[in-house]
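J.: Going down the list, the sequences are from chains F and Y. Each residue of the first sequence is one higher than the one before, counting from 7 in our numbering. Each residue of the second sequence is one higher than the one before, counting from 57 in our numbering. Glycine residues also receive a C-beta, built at the ideal position from the N, C-alpha and C atoms.
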Amino acid sequence: MAIIAVQSARSSNGMSLRMKLQRVERRHKFKAFVLVLPLVLFVLITFVFPIGRMMFSAIHDDTLLTLMPRTTAALSAWDGKDLPDERAYAALAEDLKQAWAHKTTGVIAKRVNYELAGAGSQVTSSARKLSTLSAGPYKAALIEINPLWGQHDVWSLLNRGRSAYTAYYLLRSVDYQYGPDSQIVASPPQYSVFRDVFLRTLGISIGVTAATLLLGFPVAYLLATLPPQTSNLLMIMVVVPFWISALARTTAWVVLLQEHGVVNDVLMALHVISQPAELVYNRVGTVLAMTHIQLPFTLLPIYSVMKTISPNYVRAARSLGAGPFYAFWKVYFPQTLPGVAAGCLLSFILCLGYYLTPALVGGANDQMVSYFVAHYTNEDLNWGMASALGAILLTATLLLYYIYNRLVGVDQLKMG
Amino acid sequence: MARHMYASPVEKGWYYLHRLFCGVVLLYLIAPILAIIPLSFNSVPFFTYPMSGWSLRWYEEFFLTDRWQGALYNSILVAVSATLLSTALGTLAALGLSRPTFPWRTAVMGLLISPMIVPGIITAVAVYFFYADIGLLNSYTGLIVAHTTLATPFVVIAVTATLAGFDHSLTRAAAGLGAPPITVFFKVILPLILPGMIAGSLFAFLTSFDEVIVALFIASAEQRTLPRVMFSGIREQINPTIIAGATVLTLFSVVVLAVVELLRRRSERLRGIRDT
């Protein structure tokens with residue numbers, strides 16, 4: 007149609023030709039976009055928006071602002087040095103009484119408890135006792151009811167509640183927290199777990215990626231150099247596991263690695279070990295099962311790059327006097343690097359988010375970031391922490407995904 | 057490191073070592089999957105060889121008890137619905153994306169593929185929070201929609217790949233001969249992209265059928281899917297029925313893959329004939 011437009015326009019003037027062409031092109035673009043629009047909208051609503059909302063709740067928490075409106079308003083006049091004055095205490099008493107009446111004390115107590123461990127129950131008991139207290143002055147009465155209210159850190163916490171945005175969850179995720187004067191301090195050792203979790207996640211991911219590369223590279227080389235008949239046959243052994251449910255394969259590992267499972271039986275029959283080794287519910291099982299699942303992800307990109315390398319280069323190097331290893335290392339290997347980078351990066355990205363396999367095959371000390379995201383969502387019901395850990399994991403994943411996209415192109419993602 | 061007549065002994069040694077190493081790795085890939093299949097036919101609930109006898113009792117439990125039957129039914133219902141939805145949405149999008157005039161192709165493709173890359177737990181938790189807000193938790197609709205999101209990238213990739221070699225002059229020829237766009241789609245485009253669509257929808261089906269993390273978070277016992285029941289089973293106490301379930305999932309994947317491969321060969325053959 008573009009050609010027709012050009013020919014008919016040539017007979018009139020040049021200006022209308024350009025305009026007509028532009029109009030045709032715009033129409034084409036619009037038509038193409040309309041086809042994609044339903045899916046784009048669907049993905050935006052059911053996927054991007056929920057994830058955005060989760061990221062938002064990592065920094066957004068208006069519990070104190072909405073449930074203790076008087077206190078947070080009264081604290082705007084507080085200089086933050088000494089204890090606040092009677093006005094703030096009166097507001098606090100009013101808020102706690104109302105919370106008690108509306109049965110929202112538990113929510114406030116939980117929120118306070120996140121940042122001041124053990125203070126939650128004191129908030130609840132204060133509210134209960136306050137409900138019988140009719141008139142002020144409240145400052146002395148509240149400190150009398152519970153010494154918590156004479157402490158500076160609880161007031162700092164309430165003061166921070168004036169803003170609906172908090173960095174608390176993100177700070178906790180990297181083992182920092184707010185000190186008594188709202189300054190940022192390192193968390194006490196018994197609460198500093200997340201740096202270990204992130205390091206462990208990185209460590210397991212790097213280990214598994216390295217293992218898949220070591221195991222996958224030679225196999226990819228074999229598959230790329232064998233005649234097509236044989237290599238297609240062997241390829242099935244790589245592609246079929248790739249598509250078998252990760253759950254089914256994890257199940258297989260749980261069964262095989264048990265104390266009286268097949269692997270232990272075989273090792274004992276071969277006299278490699280004299281008594282059953284602990285292979286499951288620990289790091290060994292986790293890495294073994296994860297490597298098994300990730301191997302095809304690393305192998306296949308390397309294979310597809312190796313397929314494109316002409317054997318003539320190595321032949322030329324050999325005929326010019328290079329030894330077999332020198333020729334392989336200096337001529338062949340550098341050409342495989344794009345595939346190695348793509349495969350390893352993809353495997354690493356996928357490893358970072360593993361949940362299923364460590365949860366089923368790993369022990370308590372093998373759980374990665376994902377496990378804690380699930381734990382805070384389902385068991386602790388601390389959605390702020392779940393969101394903050396999730397946000398960090400997601401940011402890392404997306405950054406790597408961006409690099410992958412620039413390096414390889416997302417179009418190159420293949421399904422075996 | 058290929059073997060030649062004039063290869064030195066060291067090279068020959070490396071050659072055989074390489075072969076041996078590859079054999080071990082391929083065994084590592086395939087053996088665990090094969091090793092558990094016979095165990096699902098064990099007559100006693102143990103997980104070791106030699107087996108004391110053969111029986112189908114675990115399959116009877118898998119196919120005949122309410123707990124597993126309901127899960128199988130739910131899995132199929134959700135997977136079929138998610139497949140239909142994702143095939144429709146994904147094919148349309150792939151058709152648009154493959155047009156040479158499409159703007160911001162890389163960015164849009166990146167967006168559409170992202171459900172494949174984002175860790176499962178992030179999707180699950182995000183969708184859980186979202187559904188808690190809008191009241192879709194513990195519903196079939198919610199589960200189907202979430203699975204559709206996860207499955208569409210596979211359809212998009214498969215159909216886009218089929219369209220990569222698509223000759224756009226065919227549609228122009230049909231239009232030039234007077235066919236309205238709908239006729240062009242059904243008579244010209246659809247037959248050519250059908251293998252890609254079927255492959256994509258099969259992968260979409262597998263994705264939903266095997267999905268466990270999202271189902272764990274957003275579904276209740278009523279919408280329990282097969283992988284979900286298996287997951288909680290492994291967490292409590294692994295039993296041979298779970299292995300029977302894993303075997304069924306495995307066989308299912310193999311059948312789907314075989315169908316996809318046959319389709320691919322057929323379409324290659326058809327294209328080969330067209331070329332000559």
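Would you kindly report the start and end of the unbroken beta strand (DSSP E) that includes V320(F)?
T.: Within the first sequence, the letter at position 314 stands for residue 320(F). Here V320(F) belongs to no beta strand (DSSP E); instead the alpha helix (DSSP H) covers 318 to 325.
J.: Out of P143(F), Q128(F), L285(F), which one is the CA nearest neighbour of G369(F)?
T.: Indexing the first sequence from 1 puts residue 369(F) at position 363. Nearest C-alpha to G369(F): L285(F).
J.: Over the uninterrupted beta strand (DSSP E) stretch that includes A192(F), give me the two end residues.
T.: Residue mapping note: residue 192(F) aligns to position 186 of the first sequence, counting from 1. That run of the beta strand (DSSP E) goes 190 to 192.
J.: For a test of the three-state rule: what should DSSP assign to N295(Y), helix, strand or coil?
T.: Within the second sequence, numbered from 1, the residue matching residue 295(Y) stands at position 239. DSSP places N295(Y) in coil when its eight states are reduced to three.
J.: Is there a Cβ from chain F that is less than 8 angstroms from the Cβ of G221(Y)?
T.: In the second sequence, residue 221(Y) corresponds to position 165, counting from 1. No, because no Cβ of chain F sits closer than 8 angstroms to the Cβ of G221(Y).
J.: How long is the line joining the alpha carbons of I9(F) and L141(Y), rounded to whole angstroms?
T.: Along the first sequence, one-based indexing puts residue 9(F) at 3. Along the second sequence, one-based indexing puts residue 141(Y) at 85. Interpretation of I9(F) is limited by its pLDDT of 49, a score under 50 that renders its predicted location unreliable; the figure taken from the coordinates is listed afterwards. Cα to Cα, I9(F) sits roughly 38 angstroms from L141(Y).
J.: How should T314(F) be labelled, buried or exposed, when 16 other C-beta atoms within 10 angstroms of its C-beta is the threshold for buried?
T.: In the first sequence, the residue the question calls residue 314(F) occupies position 308. Its Cβ having fewer than 16 others within 10 Å, T314(F) is exposed.
J.: I'd like the list of long-range same chain contacts for A135(Y), defined as Cβ closer than 6 angstroms, with 5 residues on each side in sequence excluded.
T.: For the purposes of this step, residue 135(Y) is taken as residue 79 along the second sequence, with counting starting at 1. For A135(Y), where only same-chain residues beyond five positions count, the Cβ hits under 6 angstroms are F261, S264, F265.
J.: With M243(F) and L85(Y) assumed to form a contact (beta carbons below 8 angstroms), what rounded beta-carbon distance in angstroms separates them?
T.: If you number the first sequence from 1, residue 243(F) lands on position 237. If you number the second sequence from 1, residue 85(Y) lands on position 29. The Cβ separation is near 6 angstroms, so the contact holds.
J.: For a quick check, are the C-beta atoms of T256(F) and V113(F) less than 8 angstroms apart?
T.: Start at 1 with the first residue of the first sequence, and residue 256(F) comes out as number 250. Start at 1 with the first residue of the first sequence, and residue 113(F) comes out as number 107. In this structure, V113(F) does not lie closer than 8 angstroms to T256(F) by Cβ.
J.: Can you tell me whether N384(F) is helix, strand or coil according to DSSP?
T.: Taking the first sequence and counting its residues from 1, one reaches residue 384(F) at position 378. N384(F) falls in the helix class under three-state DSSP.
J.: If we require 4 or more residues per run, which alpha helix (DSSP H) segments fall completely within the region 326 to 386 of chain F?
T.: Fully enclosed alpha helix (DSSP H) runs of 4 or longer: 330 to 333, 339 to 358, 362 to 367, 375 to 384.
J.: Suppose you measure from the CA of R325(Y) to the CA of R24(F); what does that come to, to the nearest Å?
T.: Along the second sequence, one-based indexing puts residue 325(Y) at 269. Along the first sequence, one-based indexing puts residue 24(F) at 18. Cα to Cα, R325(Y) sits roughly 44 angstroms from R24(F).
J.: Does any C-beta atom of chain F lie closer than 8 angstroms to the C-beta of V315(Y)?
T.: By one-based count along the second sequence, residue 315(Y) stands at place 259. Closer than 8 angstroms: no.
J.: Okay, do the region 269 to 279 of chain F and the region 111 to 119 of chain Y touch, 3+ Cβ pairs below 8 angstroms being the bar?
T.: Counting Cβ pairs under 8 angstroms, fewer than three are found: no touch.
J.: I'd like to confirm the pairing. Which residues does DSSP put opposite W110(Y) in its beta bridges?
T.: By one-based count along the second sequence, residue 110(Y) stands at place 54. Paired residues: N98(Y).
J.: Closer than 8 angstroms, CB to CB, is F97(Y) near chain B or not?
T.: Absent here is chain B; the protein component of the structure consists of chains F and Y.
J.: Does W259(F) get closer than 8 angstroms to chain Y when you measure Cβ to Cβ?
T.: Start at 1 with the first residue of the first sequence, and residue 259(F) comes out as number 253. Interface residue, yes.
J.: Using a threshold of 8 angstroms, state whether the C-beta atoms of A255(Y) and S96(Y) are closer than that.
T.: Mapped onto the second sequence, residue 255(Y) falls at position 199. Mapped onto the second sequence, residue 96(Y) falls at position 40. Not closer than 8 angstroms, so no.
J.: Got a sec, what are the start and stop residues for the beta strand (DSSP E) Y196(Y) sits in?
T.: Position 140 of the second sequence holds residue 196(Y). Not the beta strand (DSSP E): Y196(Y) falls in the alpha helix (DSSP H), residues 196 to 220.
J.: So with Cβ pairs under 8 angstroms, would you call E67(Y) a contact of chain F?
T.: On the second sequence, position 11 is the one that residue 67(Y) refers to. For E67(Y), the answer is yes, since a Cβ of chain F falls inside 8 angstroms of its Cβ.
J.: Could you name the residues of the region 264 to 278 of chain F whose beta carbon sits closer than 7 angstroms to any beta carbon of chain Y, in the order they occur along the chain?
T.: Hits within the stretch, in order: Q264, H266, G267, V268, D271.
J.: Mark I269(Y) as exposed unless 16 or more other C-beta atoms lie within 10 angstroms of its C-beta, in which case mark it buried.
T.: As a first step, residue 269(Y) is located in the second sequence; it is residue number 213 there, counting from the start. By the neighbour-count rule (16 or more Cβ atoms within 10 Å), I269(Y) is buried.
J.: Look up Q157(F) in the DSSP assignment and say whether it is helix, strand or coil.
T.: Numbered from its first residue, the first sequence carries residue 157(F) at position 151. Coil at Q157(F), not helix or strand.
J.: My output table needs one value for Y408(F): the three-state DSSP class, helix, strand or coil.
T.: Position 402 of the first sequence, counted from the first residue, corresponds to residue 408(F). Looking at Y408(F) - three-state DSSP - the assignment turns out to be helix.
J.: Which residues in chain Y have a C-beta closer than 7 angstroms to the C-beta of M60(F)? List them in chain order.
T.: In the first sequence, residue 60(F) corresponds to position 54, counting from 1. Within chain Y, the residues near M60(F) are V181, A182, F185.
J.: Looking at L216(Y): is its Cβ nearer than 8 angstroms to the Cβ of P251(Y)?
T.: Position 160 of the second sequence, counted from the first residue, corresponds to residue 216(Y). Position 195 of the second sequence, counted from the first residue, corresponds to residue 251(Y). Leu is not the amino acid found at residue 216(Y); the sequence shown has Thr there. No, the pair does not count as a contact, with Cβ atoms beyond the cut-off.
J.: From the beta carbon of A254(F), is the nearest beta carbon of chain Y less than 8 angstroms away?
T.: If you number the first sequence from 1, residue 254(F) lands on position 248. Taking Cβ atoms only, chain Y reaches closer than 8 angstroms to A254(F), which makes this a yes.
J.: Does the pairing of the region 189 to 199 of chain F with the region 334 to 345 of chain F give three or more beta-carbon distances under 8 angstroms?
T.: Touching, no.
J.: So is F119(Y) in contact with chain F if we call contact Cβ pairs under 8 angstroms?
T.: On the second sequence, position 63 is the one that residue 119(Y) refers to. With 8 angstroms as the cut-off, F119(Y) does not count as an interface residue toward chain F.
J.: How far does the beta strand (DSSP E) with Y184(Y) in it extend, from its first residue to its last?
T.: Mapped onto the second sequence, residue 184(Y) falls at position 128. Where Y184(Y) is concerned, there is no enclosing beta strand (DSSP E), although the alpha helix (DSSP H) it sits in stretches over 176 to 190.
J.: Under the three-state reduction of DSSP, which class applies to H34(F): helix, strand or coil?
T.: For the purposes of this step, residue 34(F) is taken as the residue at position 28 of the first sequence. H34(F) falls in the helix class under three-state DSSP.
J.: Identify, in the order they occur along the chain, each residue of the same chain with its Cβ nearer than 7 angstroms to the Cβ of V131(F), setting aside the five sequence neighbours on each side.
T.: Walking along the first sequence from the start, residue 131(F) turns up at place 125. Val is not the amino acid found at residue 131(F); the sequence shown has Ser there. Correct list, in chain order: N152.
J.: List the residues of chain Y that L41(F) touches, going by C-beta distances under 7 angstroms, in chain order.
T.: Within the first sequence, numbered from 1, the residue matching residue 41(F) stands at position 35. The answer, in chain order, is L148, A149, L151, G152.
J.: For chain F, check one thing: does any of its Cβ atoms lie closer than 8 angstroms to the Cβ of R155(Y)?
T.: In the second sequence, the residue the question calls residue 155(Y) occupies position 99. Answer yes: the Cβ-Cβ gap between R155(Y) and chain F drops below 8 angstroms somewhere.
J.: For T197(Y) and V245(F), what's the separation of their Cα atoms in angstroms?
T.: In the second sequence, the residue the question calls residue 197(Y) occupies position 141. In the first sequence, the residue the question calls residue 245(F) occupies position 239. Cα to Cα, the separation comes out at about 32 angstroms.
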